[in-house]
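Q:
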Amino acid sequence: MTQSGTTPELKRWYPGEGKVTPFRLALYALVMLGLISGAIRLFFGLGATTNLNDAYPWGLWISFDVLAGVALAGGGFTMAATIYIFNLKKFEPLLRPAKISAFLGYLMFVIGLFFDLGQPWRIWHPMIMWNPNSVLFEVAWCVMLYTTVLGIDIFIMALERWQKHDWVKFFRDIYLVLVVAGVILSTLHQSSLGALYLLLPEKMSDLWASRAIGPLFFTSAVIGGMSMIILESIISAWAYKRKPEMDILPSFAKGLGLVLLVYFAMKVTDLYARGATVWSLDAPHLAFYFELFGCVAFPALLLYFHEVRNSQKGLLWAAGIAAFGVVFNRFNVSLTSYGGYRTFSYFPSLVEIIITLSLIAGGILIFDFLTKNLPVYKSELAE
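Quick note: the sequence shown uses our numbering, first residue 10, plus one each step.
So this is what it looks like as structure tokens:
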């Protein structure tokens with residue numbers, strides 16, 4: 010919707026059919042393989058189709074599909090807070106693509122969790138079997154509610170496409186409530202996902218076993234969301250042959266650099282306050298150095314330079330490294346940090362890998378469909 014709250018008219022409408030390209034065929038093939046692998050997992054069970062074990066009950070699906078997926082989907086609540094709470098209206102062209110990316114990220118979360126559950130048909134139980142003392146209960150409810158909020162956002166775009174002005178006005182009247190609910194719910198479950206790993210902190214490396222893991226997870230989710238917004242803006246501009254928002258991306262990237270510095274300071278302060286052993290040359294420490302210096306400090310340094318912030322390739326590199334750092338952090342917390350405690354090893358099975366790749370492929374195809382058939386970009390709306 011426009012800033013004034015009126016319903017925009019579409020200036021143009023993409024045809025739903027896209028050209029059949031090798032890349033698109035590969036995506037469809039991955040989705041089909043994922044459906045087959047998903048059926049195999051549901052029929053034969055976790056033990057027969059995954060490499061999960063008693064030492065590693067959570068593997069690729071939790072580390073990437075759930076933890077990393079929901080962190081990279083942080084652009085939705087980040088942009089909502091930026092525009093509607095901090096009143097930075099100049100970034101409004103980035104909001105709608107961020108909401109679609111966030112919705113797809115949460116779909117990846119839900120589907121990945123569905124396959125990871127031993128009895129996935131019971132995924133609805135938190136709705137009626139309440140346990141307020143459980144962190145997972147809070148995460149489940151926040152994710153369900155926030156996914157609903159994001160779904161309403163997508164539905165509003167569809168109503169605009171169908172020119173249902175009365176319904177659009179109704180949702181616009183309650184939109185502030187949806188925004189506040191979305192920001193609060195995201196803040197809660199982004200941090201609570203980190204708190205899950207404090208149930209047995211003595212089994213983790215002290216590099217990541219921190220009581221501050223909740224705020225650290227939340228801040229890194231902001232980094233992941235902002236990075237994905239930049240990547241999506243530039244890559245989609247190339248894919249759909251439109252101009253990227255280079256009039257606002259440099260200042261937005263400056264904000265990303267600031268958040269990276271805040272996260273770096275939080276991490277260093279936390280390590281110092283806990284007296285953690287930082288300097289060592291074992292595998293967990295090397296992974297930690299790469300995460301903190303290579304994927305936090307380095308992109309923050311890149312974004313300090315005016316030439317990088319005002320270059321599409323520079324923004325792609327800086328945002329790409331920062332987004333990878335968020336994913337790497339989630340793998341470190343959920344897998345690497347337990348390396349010294351567990352004697353077993355873990356590497357995902359082919360079924361785990363195929364299902365994850367199919368979720369990514371499906372997300373790309375759905376994003377392509379929605380951006381072609383809904384009023385998403387500023388150039389598609391009447392001034």
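Every residue, glycine too, gets a C-beta built ideally from N, C-alpha and C.
Specify, as a first and last residue, the run of the alpha helix (DSSP H) that TYR386 falls within.
A: Here residue 386 is taken as the residue at index 377 of the sequence shown, counted from 1. Counting along the chain, TYR386 falls outside any alpha helix (DSSP H), and DSSP gives it neither H nor E.
Q: DSSP three-state label for ASP91, please.
A: Your numbering for residue 91 matches position 82 in the sequence shown. What sits at residue 91 in the sequence shown is Thr, not Asp. Of the three classes helix, strand and coil, the one that applies to THR91 here is helix, per DSSP.
Q: Could you give the distance in angstroms between the alpha-carbon of HIS134 and the alpha-carbon of ILE193?
A: Along the sequence shown, read from residue 1 onward, the residue named residue 134 stands at position 125. Along the sequence shown, read from residue 1 onward, the residue named residue 193 stands at position 184. Cα-Cα distance, rounded: 23 angstroms.
Q: What do you reckon, are the CB atoms on PHE100 and GLY160 nearer than 9 angstroms?
A: Residue numbering aside, residue 100 sits at position 91 when the sequence shown is read from its first letter. Residue numbering aside, residue 160 sits at position 151 when the sequence shown is read from its first letter. No.
Q: So which of TYR347, GLY223, GLU254 and ALA48 has the shortest CA-CA distance to ALA292?
A: Here residue 292 is taken as the residue at index 283 of the sequence shown, counted from 1. Considering only alpha carbons, the answer is TYR347.
Q: Does the distance from the C-beta atom of PHE32 to that of THR365 stay below 9 angstroms?
A: In the sequence shown, counting from the first residue as 1, residue 32 sits at position 23. In the sequence shown, counting from the first residue as 1, residue 365 sits at position 356. No. Outside cutoff.
Q: Could you say if the region 206–226 and the region 168–177 meet the contact criterion of at least three C-beta pairs nearer than 8 angstroms?
A: Judged by Cβ distances under 8 angstroms, the region 206–226 makes no contact with the region 168–177, as fewer than three pairs qualify.
Q: Taking only the alpha-carbon atoms, compute the straight-line gap between ALA370 and VAL40 and give it to the nearest angstrom.
A: Here residue 370 corresponds to residue number 361 of the sequence shown, with the count starting at 1. Here residue 40 corresponds to residue number 31 of the sequence shown, with the count starting at 1. If I take the Cα positions, the gap works out to 6 angstroms.
Q: Would you identify the three-state DSSP class for SER412, choosing helix, strand or coil?
A: The chain is shown from 10 up to 392; residue 412 falls before or after that span and cannot be answered.
Q: Grouping DSSP H, G and I as helix and E and B as strand, with all else coil, what is ALA221?
A: One-based indexing of the sequence shown puts residue 221 at position 212. Correct three-state label for ALA221: coil.
Q: What three-state label does DSSP hand TYR313 in the structure shown?
A: For this step, residue 313 is matched to residue 304 along the sequence shown. Helix at TYR313.
Q: CB PHE340 to CB PHE299, shorter than 9 angstroms?
A: In the sequence shown, counting from the first residue as 1, residue 340 sits at position 331. In the sequence shown, counting from the first residue as 1, residue 299 sits at position 290. No, Cβ-Cβ distance for PHE340 and PHE299 is not below 9 angstroms.
Q: Could you tell me the alpha carbon to alpha carbon distance between ALA204 and SER367, rounded to whole angstroms?
A: Translated into the one-based positions of the sequence shown, residue 204 becomes position 195. Translated into the one-based positions of the sequence shown, residue 367 becomes position 358. The straight-line gap from Cα to Cα measures roughly 29 angstroms.
Q: Fully enclosed by the region 167–197, which alpha helix (DSSP H) runs are 4 residues long or longer?
A: Those alpha helix (DSSP H) runs which fall completely within the region 167–197 and span 4+ residues are 174–182.
Q: Provide the residue span of the alpha helix (DSSP H) that contains HIS294, from first to last.
A: Numbered from 1 along the sequence shown, position 285 holds the residue referred to as residue 294. Per DSSP, HIS294 belongs to the alpha helix (DSSP H) from 292–298.
Q: For ASN96 and SER195, what's the separation of their Cα atoms in angstroms?
A: In the sequence shown, counting from the first residue as 1, residue 96 sits at position 87. In the sequence shown, counting from the first residue as 1, residue 195 sits at position 186. The alpha-carbon atoms of ASN96 and SER195 are separated by roughly 19 angstroms.
Q: Quick check on ARG251: does DSSP put it in helix, strand or coil?
A: Counting from 1 along the sequence shown, the entry for residue 251 is found at position 242. Note: ARG251 maps to coil in three-state DSSP.
Q: Please classify THR59: is it buried, with 16 or more other beta-carbons within 10 angstroms of its beta-carbon, or exposed?
A: The residue you call residue 59 lines up with position 50 of the sequence shown. Buried: at least 16 other Cβ atoms inside 10 Å.
Q: Tell me whether the beta-carbon of LEU303 lies closer than 9 angstroms to the beta-carbon of PHE314.
A: As a working mapping, residue 303 is identified with position 294 in the sequence shown. As a working mapping, residue 314 is identified with position 305 in the sequence shown. The question names Leu, but residue 303 in the sequence shown is Gly. No. Outside cutoff.
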